[in-house]
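J.: According to full-length UniProt numbering, the sequence shown holds residues 1 to 406 in order.
All residues carry an ideal CB built from backbone N, CA and C; glycine is no exception.
Just so you know, these numbers come straight off a predicted model, no measurement behind them.
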Amino acid sequence: MSTQQLKEHPEFLWHNPDPKKSYDAVIIGGGGHGLATAYYLAKNHGMTNIAILEKGWLAGGNMARNTTIIRSNYLWDESAAIYEQSLKLWEILPEELEYDFLFSQRGVMNLAHTLGDVRESIRRVGANQLNGVDAEWLDPKQVKELCPILNISDNIRYPVMGATYQPRAGIAKHDHVAWAFARKCDELGVDIIQNCEVTGFIKDGERVTGVETSRGTISTGKVGLCAAGHSSLLAEMAGFRLPIQSHPLQALVSELHEPVHPTVVMSNQVHVYVSQAHKGELVMGAGVDSYNGYGQRGSFHVIEEQMAAAVELFPIFARAHVLRTWGGIVDTTMDASPIIGTTPVENMYVNCGWGTGGFKGTPAAGLTFAHTIATGAPHALNKPFSLERFETGALIDEHGAAAVAH
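#1: I'd like the list of long-range same chain contacts for residue 318, defined as Cβ closer than 8 Å, with 5 residues on each side in sequence excluded.
#2: What span of residues does the beta strand (DSSP E) with residue 222 cover, start to end?
#3: Kindly indicate which residue of 168, 231, 237 has the alpha-carbon position closest to the one of residue 200.
#4: If I follow the unbroken beta strand (DSSP E) through residue 203, where does it start and stop?
#5: Using the rule of at least 16 other Cβ atoms within 10 Å of the residue's Cβ for burial, across every protein chain shown, is residue 334 buried or exposed?
#6: What span of residues does the alpha helix (DSSP H) with residue 307 cover, start to end?
#7: Rounded to the nearest angstrom, what separates residue 183 and residue 177 at their Cα positions?
#8: So the candidates are 306, 280, 198, 279; which of them puts its Cα closest to the Cα of residue 287?
#9: Which full runs of the beta strand (DSSP E) of 3+ residues lie inside the stretch 25–98, going along the chain?
#10: If you draw a straight line from the alpha carbon of residue 185 to that of residue 117, how long is it in whole angstroms?
#11: Can you list, in chain order, the residues of its chain whose CB lies under 6 Å from that of residue 48, leaving out five sequence neighbours each side?
#12: Are three or more beta carbon pairs between the stretch 384–400 and the stretch 85–95 nearer than 8 Å?
#13: The ligand GDP heavy atoms versus the CB of residue 275: any closer than 7 Å?
#14: Is it the case that the Cβ atoms of residue 351 and residue 174 are separated by a distance below 8 Å?
#15: Going by beta-carbon coordinates alone, are residue 293 and residue 246 separated by less than 8 Å?
#16: Would you call the stretch 211–227 and the stretch 18–31 touching, i.e. three or more CB-CB distances under 8 Å?
#17: Would you mind working out which of 128, 249, 362, 381 sits nearest residue 302, comparing C-alpha positions?
#18: What does the Cβ neighbour count give for residue 132, buried or exposed, with the cut at 16 atoms within 10 Å?
#19: Got a sec? Which residues, its chain only, sit under 8 Å from residue 196 by beta carbon, not counting five neighbours each side?
#20: Please state if the CB of residue 164 and the CB of residue 135 are separated by a distance shorter than 8 Å.
#21: Does the CB of residue 59 have a neighbour CB from chain B at under 8 Å?
#22: Give the straight-line distance between the Cα atoms of residue 44 and residue 180, rounded to the nearest whole angstrom.
#23: Looking at residue 347 and residue 368, is the spacing between their C-beta atoms short of 8 Å?
#24: Going residue by residue through the stretch 120–189, where are the continuous alpha helix (DSSP H) segments of at least 4 residues, counting only ones entirely within it?
#25: Quick one: is residue 90 buried, meaning 16 or more other Cβ sit within 10 Å of its Cβ, or exposed?
#26: Does DSSP classify residue 396 as helix, strand or coil?
#27: With a 10 Å radius around its C-beta and 16 neighbouring C-beta atoms as the bar for buried, classify residue 168 as buried or exposed.
#28: Tell me, to the nearest whole angstrom, how far the beta carbon of residue 61 is from that of residue 226; I am working on the premise that it is less than 8 Å.
#29: With residue 14 and residue 192 assumed to form a contact (beta carbons below 8 Å), what rounded beta-carbon distance in angstroms separates them?
#30: Just the Cα atoms here: how many angstroms apart are residue 208 and residue 223?
#31: Closest to residue 111 by C-alpha separation, out of 159, 376, 363, would be which residue?
#32: To the nearest angstrom, how far is the alpha carbon of residue 271 from that of residue 244?
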C-alpha cells in the first residue's frame with residue numbers, strides 16, 4: 001500500500017510492501033517481540049532500513065494466542081530486572097506509541113494452597129521488595145476482600161491459604177499492542193512484510209549475509225530471530241541448535257458477562273489463571289501440554305482439568321459457557337528463562353525461550369534485543385540470558401514463577 005493510499009484510507013495502519021533486495025537488518029517473526037525489536041532499532045539506534053518478515057499475518061502467532069497478563073514479580077534478580085523494566089515500559093508505551101491498547105493495572109494475585117506454597121510465596125515477596133518490585137503478602141481474608149467471588153472456604157481440595165499480590169500488574173489488549181507497534185514501525189520506515197516465509201540462510205563462512213524466503217532472496221548484514229516456538233527450526237537452517245522445546249499451550253474464553261472479576265487470579269497448584277477482559281469475557285488458561293509439537297491446539301483433558309479447578313475456586317463460574325478455545329506454541333528452556341543474545345553464526349542474533357512469559361516481556365525484549373543487534377553486544381539486562389549459560393551452568397531457574405502459563 002502506498003503512502004497516498006494510507007492517507008486516503010487511515011483505517012489501514014501500515015503499508016504492505018514487497019521485499020527489497022537488501023536491508024541493514026532483517027527481523028524474522030512479526031509478533032510482539034519482532035515488532036518491538038524493529039521499533040527500538042529505529043527509535044533508539046537510527047536503523048530504519050529494516051524488514052520484519054512474517055510467514056503468516058502480522059501478530060497471528062503467539063501474540064494473538066496469549067492471555068495478556070503483565071507482571072514483574074519474578075524471583076531471581078536477573079528475571080526481576082528485565083520484567084520490571086518491561087512493566088515500566090508498559091506504563092509509558094500508550095502515550096509513546098500514541099495508541100490506547102487498554103493497559104489495565106488491576107493487579108495480579110498468585111494463590112498459595114499449601115504450607116510449601118506459603119513459604120515460597122513469602123520468600124518471593126521479600127525478594128521482590130529487595131529488587132524494588134511492588135509486592136505484598138495477603139492472608140485469606142484480604143484475598144477475599146480483593147476478589148469477593150473467590151472461594152476461600154477450608155473444605156475444598158486446595159484451600160486458599162493466602163496470596164502474593166502485585167498491584168501494578170494487569171492486562172492489555174494484545175491485538176492493539178501489535179497494531180500500535182506496527183503503526184510506529186511503519187512511520188519510522190520499517191518494512192512489514194507478511195506472507196513471507198524464511199526457507200534458508202545465505203552464509204559466507206560462519207557469517208550470515210542473506211535470507212532465502214518464499215518471496216525471494218534478501219541480502220542483509222544482520223538477522224534477528226524472533227520466532228518463538230519455531231526458533232529451533234530456524235536455528236537448524238542456520239547450522240546450530242537451540243536448547244528449547246516447543247509445546248502447545250491452551251486458553252479459552254467464555255461468553256460475555258457483566259463485570260464480576262476485578263483482578264487477575266493465578267494458581268500454580270491447580271494450574272489455572274483467570275481474568276475478565278474489557279468486553280466482559282472470562283479469559284482462562286492452564287499449563288502446557290506435556291508433549292512437544294507445533295499444533296495450535298491442545299488436548300481436551302487439559303481443558304477439562306482447567307475448568308474443574310476454575311469452578312472450585314470460583315463457584316459463580318459453574319453456569320458460564322465456553323465460547324472458544326485456542327492454542328499457541330511456547331518455546332521453553334530447561335531453566336524457564338529466555339535466551340537473548342548472539343549465536344554461533346556471526347551477525348545472527350536470537351530472542352527465544354520465553355515460554356509462558358513472552359507477552360509480558362514484549363517491551364523489554366524489544367529494547368534489549370535491539371541493543372544487542374545494533375551494537376553486537378548484549379544490553380546489561382539481557383547479558384545473563386545468553387546462550388552460553390547452558391555451557392557454563394549459570395542458569396536462572398524460574399520454574400517456580402513460570403510453572404503455569406501466565
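T.: According to the structure shown:
#1: Taking the sequence shown and counting its residues from 1, the one referred to as residue 318 is at position 318. Here the set comprises 311.
#2: Reading the sequence shown from its first residue, position 222 is the one you call residue 222. Segment 216–225, the beta strand (DSSP E) holding residue 222.
#3: The residue given as residue 200 occupies position 200 in the sequence shown. The option with the nearest alpha carbon to residue 200 is 237.
#4: Counted from its first residue, the sequence shown places residue 203 at position 203. Unbroken beta strand (DSSP E) run through residue 203: 198–204.
#5: Here residue 334 refers to the residue found at position 334 of the sequence shown. So residue 334 counts as exposed.
#6: Here residue 307 refers to the residue found at position 307 of the sequence shown. Looking at the DSSP string, the run of the alpha helix (DSSP H) that includes residue 307 is 300–313.
#7: Translated into the one-based positions of the sequence shown, residue 183 becomes position 183. Translated into the one-based positions of the sequence shown, residue 177 becomes position 177. One C-alpha to the other measures close to 10 Å.
#8: Counting from one through the sequence shown, the residue named residue 287 turns up at place 287. Among 306, 280, 198, 279, the Cα nearest to that of residue 287 is on 306.
#9: With a minimum length of 3 residues, the unbroken runs of beta strand (DSSP E) contained wholly in the stretch 25–98 fall at 50–53.
#10: Position 185 of the sequence shown, counted from the start, is the residue given in the question as residue 185. Position 117 of the sequence shown, counted from the start, is the residue given in the question as residue 117. Cα to Cα, residue 185 sits roughly 43 Å from residue 117.
#11: Against the sequence shown, residue 48 aligns to sequence position 48. Closer than 6 Å at the Cβ level, and outside the excluded window around residue 48, lie 42, 188, 189.
#12: no
#13: With respect to small molecules bound, the structure shown includes none, and the ligand GDP cannot be examined in it.
#14: Walking along the sequence shown from the start, residue 351 turns up at place 351. Walking along the sequence shown from the start, residue 174 turns up at place 174. Taking 8 Å as the Cβ cut-off, residue 351 and residue 174 do not qualify as a contacting pair.
#15: Within the sequence shown, numbered from 1, the residue matching residue 293 stands at position 293. Within the sequence shown, numbered from 1, the residue matching residue 246 stands at position 246. In this structure, residue 246 lies closer than 8 Å to residue 293 by Cβ.
#16: yes
#17: Numbered from 1 along the sequence shown, position 302 holds the residue referred to as residue 302. Checked all of 128, 249, 362, 381; the closest Cα to residue 302 is 249.
#18: Residue numbering aside, residue 132 sits at position 132 when the sequence shown is read from its first letter. Under this definition residue 132 is an exposed residue.
#19: Translated into the one-based positions of the sequence shown, residue 196 becomes position 196. These residues qualify, in order along the chain: 19, 53, 54, 55, 213, 214, 215.
#20: The residue given as residue 135 occupies position 135 in the sequence shown. The residue given as residue 164 occupies position 164 in the sequence shown. Yes; because the gap between Cβ atoms is below 8 Å, this pair is in contact.
#21: Judged by its chain identifiers, the structure shown contains no chain B, having just a single protein chain.
#22: On the sequence shown, position 44 is the one that residue 44 refers to. On the sequence shown, position 180 is the one that residue 180 refers to. Cα to Cα, the separation comes out at about 17 Å.
#23: Counted from its first residue, the sequence shown places residue 368 at position 368. Counted from its first residue, the sequence shown places residue 347 at position 347. Result no, Cβ atoms of residue 368 and residue 347 do not sit closer than 8 Å.
#24: 140–146, 174–187
#25: Here residue 90 is taken as the residue at index 90 of the sequence shown, counted from 1. With 16 or more neighbouring CB atoms inside 10 Å of its own CB, residue 90 falls in the buried class.
#26: On the sequence shown, position 396 is the one that residue 396 refers to. Here residue 396 carries a coil assignment [DSSP, helix/strand/coil].
#27: On the sequence shown, position 168 is the one that residue 168 refers to. Using a 10 angstroms sphere on the CB of residue 168, the tally of other CB atoms reaches 16 or more, which defines it as buried.
#28: Taking the sequence shown and counting its residues from 1, one reaches residue 61 at position 61. Taking the sequence shown and counting its residues from 1, one reaches residue 226 at position 226. Between residue 226 and residue 61 the Cβ distance is about 10 Å, and since that is not below 8 Å, they are no contact.
#29: Taking the sequence shown and counting its residues from 1, one reaches residue 14 at position 14. Taking the sequence shown and counting its residues from 1, one reaches residue 192 at position 192. Sure, about 5 Å apart at Cβ, within 8 Å.
#30: Start at 1 with the first residue of the sequence shown, and residue 208 comes out as number 208. Start at 1 with the first residue of the sequence shown, and residue 223 comes out as number 223. Straight through space, the alpha carbons of residue 223 and residue 208 are spaced by roughly 8 Å.
#31: Residue 111 sits at position 111 when you count from the first residue of the sequence shown. Ranking the options by Cα distance to residue 111, first place goes to 159.
#32: Along the sequence shown, one-based indexing puts residue 271 at 271. Along the sequence shown, one-based indexing puts residue 244 at 244. When rounded, the distance between both Cα atoms is 22 Å.
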